[in-house]
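Student:
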Amino acid sequence: MSPLTYKPKSAVVCDLADFICRSNSRVAEFTAAVESARKPENGGQNEMDQERIYTLEDYIKFLDSFIRWAPKVSCNRDETAIAPETADTDLKWLSYWLVTFPREQGKWLDTEESEGSWKDINMARPVGHPNDDNVIVHAADSMFDGHWDINNGTIHLKSSVNMKGVDWPVATLLHDSGIDYKNGSFMHAFLAPADYYRQHAPVSGEVIEARNIRDQVYLQVGKKADGSIGRSRGLVRDSDDLEHCREQSQGQCFGIEAPDEAGYQWCQTRGVIAIQTPDYGKVAVLQIGMEQVLSVKLTVNVGDQVRKGDNIAYFQFGGSDVCIMFEKRVKWRADLEPGKTKLKVREKLATFH
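Sequential numbering from 938 applies to the sequence shown in the working numbering.
Encoded structure:
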């Protein structure tokens, strides 16, 4: 007999419940996970109380309701490991289910039933130096996180787990596109909830690659200094959003956080658009999804001619990061500071020489 009395209405949640209940050890492990998250010393009790998650059955009920949850505008504005060797590999059952869940959620958000109060975004943002192809503009409103040289096909990134850092291969990030970025430049920036979620071409040229790379659903979570559970990167939030958060949590506000270190992009679902410039080589723009909000939609096709500043992609529901990769080394703006410089889409980012 199943230890769960609740029968999920959603097929994808029913799959997870069946997967758990087929093994007594999995029932015990998932039950222990819920109990562990609720322990005060582990920091999850307040958040789980807000969602009324006290038992494994409550968690299944939560998933069943969450898959049909539509965001409302309130203000303006046993998994596969995350490591280079696990990128582009077959997913374990639970990791595959984590990919399937947001797909089903996204299908419902495409229906009229989920229609909310979204408004059109004004795209009339001036392009930096529109007639100078030597000037590169940024692809998205986002917080600058850093830039790195590509050496012999790898990017060496610092890691909070490995003090020596990790060498991430460019070919894996691009899913073996065959394009040579072995000794170029790479930059990374992350989007906040209130940012403009469309991406624009940083250069002019011909689109030579445009595709989605379906990979994992991933979010790095850790306990914060105040004892609550949080994602490990602070995102910019305005005062109205913070006040709304406090109202919903009886005066307490648990900050939205996500990873602040590059690297997980290699294992996350992502889009890639490569542009061949007339004089400066190839430039790739990567749109990186995050956890459930990973619906990358491309608005260009191979063979299209784009001008610097043209729309090339967007996150349909939300997203995480943007990366830009250059076949040749570029000269970055001198004022860029990781975690401090707020970049605007279509403004000057760098030059080719």
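Note that CB positions come from ideal geometry on N, CA and C, so glycine has one too.
1) At what residues does the alpha helix (DSSP H) containing glycine 1142 begin and finish?
2) Give a yes or no on whether the C-beta atoms belonging to valine 1209 and glutamate 1146 are separated by under 8 Å.
3) Is the beta carbon of alanine 1221 closer than 8 Å to that of leucine 1111?
4) Could you check where the alpha helix (DSSP H) with glycine 1121 kicks off and where it finishes?
5) Rounded to whole angstroms, what is the Cα-Cα separation between methionine 1126 and valine 1107?
6) Give the single residue among Pro1039, Asp1117, Glu984 whose Cα lies nearest to the Cα of valine 949.
7) Return helix, strand or coil for arginine 1207, following the three-state DSSP convention.
8) Closer than 6 Å by C-beta to tyrosine 991: which residues in its own chain qualify, once you throw out the five before and the five after it? Chain order, please.
9) Since I believe tyrosine 943 is in contact with lysine 998 (beta carbons under 8 Å), could you give me their beta-carbon distance rounded to a whole number of angstroms?
10) Let me confirm a value: valine 1243 is counted as buried when at least 16 other C-beta atoms fall within 10 Å, else exposed. Which label applies?
11) With H, G and I counted as helix, E and B as strand and the rest as coil, what does DSSP make of tryptophan 1030?
12) If the criterion is Cβ atoms closer than 8 Å, does the pair glutamine 1213 and phenylalanine 1252 meet it?
13) Which of helix, strand or coil does DSSP assign to asparagine 1059?
14) Give the DSSP-derived three-state secondary structure of aspartate 1215 in the structure shown.
15) Measuring CA to CA, which of Ser1232, Trp1269, Ile1150, Asp1241 is closest to threonine 1026?
Tutor: Concretely, from the data shown:
1) As a position in the sequence shown, residue 1142 is number 205, starting the count at 1. Run containing glycine 1142: none in the alpha helix (DSSP H); it sits in the beta strand (DSSP E), 1142–1150.
2) In the sequence shown, counting from the first residue as 1, residue 1209 sits at position 272. In the sequence shown, counting from the first residue as 1, residue 1146 sits at position 209. Closer than 8 Å, so yes.
3) Mapped onto the sequence shown, residue 1111 falls at position 174. Mapped onto the sequence shown, residue 1221 falls at position 284. For leucine 1111 and alanine 1221, yes; Cβs fall inside 8 Å.
4) Locating residue 1121 in the sequence shown gives position 184, counting from the first residue. Segment: none, glycine 1121 is in no alpha helix (DSSP H) and carries neither H nor E.
5) The residue labelled residue 1126 in the question sits at position 189 within the sequence shown. The residue labelled residue 1107 in the question sits at position 170 within the sequence shown. The residue you asked about is not methionine; residue 1126 is alanine in the sequence shown. One C-alpha to the other measures close to 17 Å.
6) In the sequence shown, counting from the first residue as 1, residue 949 sits at position 12. Measuring from the Cα of valine 949, the nearest candidate turns out to be Pro1039.
7) As a working mapping, residue 1207 is identified with position 270 in the sequence shown. In this structure, arginine 1207 counts as strand in the three-state DSSP scheme.
8) Walking along the sequence shown from the start, residue 991 turns up at place 54. For tyrosine 991, where only same-chain residues beyond five positions count, there are no Cβ hits under 6 Å.
9) As a position in the sequence shown, residue 998 is number 61, starting the count at 1. As a position in the sequence shown, residue 943 is number 6, starting the count at 1. For a cut-off of 8 Å, the C-beta gap from lysine 998 to tyrosine 943 is around 6 Å, short enough to register as a contact.
10) Here residue 1243 corresponds to residue number 306 of the sequence shown, with the count starting at 1. That one is buried.
11) Sequence index remark: in the sequence shown, residue 1030 carries index 93 (1-based). Three-state result, tryptophan 1030: helix.
12) Here residue 1213 refers to the residue found at position 276 when the sequence shown is read from its first residue. Here residue 1252 refers to the residue found at position 315 when the sequence shown is read from its first residue. It is not a contact, given that the beta carbons lie outside the stated cut-off.
13) As a first step, residue 1059 must be located in the sequence shown, where it is residue number 122. Bear in mind that a pLDDT of 44 at asparagine 1059, under 50, signals an unreliable position, so the number given afterwards is only what the model happens to contain. Coil.
14) In the sequence shown, the residue the question calls residue 1215 occupies position 278. This sequence places proline at residue 1215; aspartate is not what is there. Here proline 1215 sits in coil by DSSP.
15) Mapped onto the sequence shown, residue 1026 falls at position 89. Closest by alpha carbon: Ile1150.
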